[in-house]
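Start counting at 1 in the sequence shown, then tack on 95, and there's your number in the numbering used here.
Beta carbons are placed, not taken as given, at the ideal position from N, Cα and C, and that holds for glycine.
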Amino acid sequence: MFDWLSFQNFAIIGVAFQFGGMAFFAFIFSPMIFKFMASDEASKFLRQVFPVYYRLSAGISIFPALMLIPLAFYHLEVGILLGVAAIFLFAARVLVPMSNAARDANNEGKFKIIHRSSVLIYMLQWSAIFIVLIRLID
């Protein structure tokens, strides 16, 4: 009856949740904020959202890693998930404050570099999550 109940299946659910959540945030939520809010209001709102989102995403990445640790053959996947979590925490603690400081100082050049870097990092994380998901399903 509960044959589906396994650490691997819980990990798959967690990774799929992470993958879908990241896609939703990047491709639906954030663009809608700028579509329906004034630019200044949207920026202020996202300043509050990003640190929370990054911390939450770190936790969501850690959950499937913990589910995979008892299974001896998922070392690479655990490492990728924990790496993704560490990068989310780095983004919350370092990149977001740097981005906010650049914006506050009206340093658009520095802000664009930080923003582009954070988007690239996010897309690499998203790709890594996708690879883990494929490897777990296979």
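Compute the Euclidean distance between the alpha carbons of Gly-154 and Ala-180, then round it to the nearest angstrom.
7 Å
Give the single residue among Ile-157, Asn-195, Leu-100, Ala-137 whose Cα lies nearest to the Cα of Val-110.
Ile-157
Using the C-alpha atoms, what's the distance from Tyr-217 back to Phe-112?
Cα-Cα distance, rounded: 16 Å.
Inter-stretch contact at 8 Å, needing at least 3 Cβ pairs: the stretch 161-181 / the stretch 126-135:
no
Environment of Glu-172 [buried if 16+ CB atoms lie within 10 Å]
buried
Helix, strand or coil, according to DSSP, for Tyr-217 in the structure here?
helix
Which class does Asp-199 belong to by DSSP, given the choice of helix, strand or coil?
In this structure, Asp-199 counts as helix in the three-state DSSP scheme.
Put Leu-100 into one of helix, strand or coil per three-state DSSP.
coil
Please list, in chain order, all residues of the same chain as Pro-165 whose beta carbon is under 8 Å from its beta carbon, the five residues on each side excluded.
Hits under 8 Å: Phe-102.
Determine the closest residue to His-170 out of Leu-100, Ala-186, Phe-114, Val-227, with distance taken between C-alpha atoms.
Val-227
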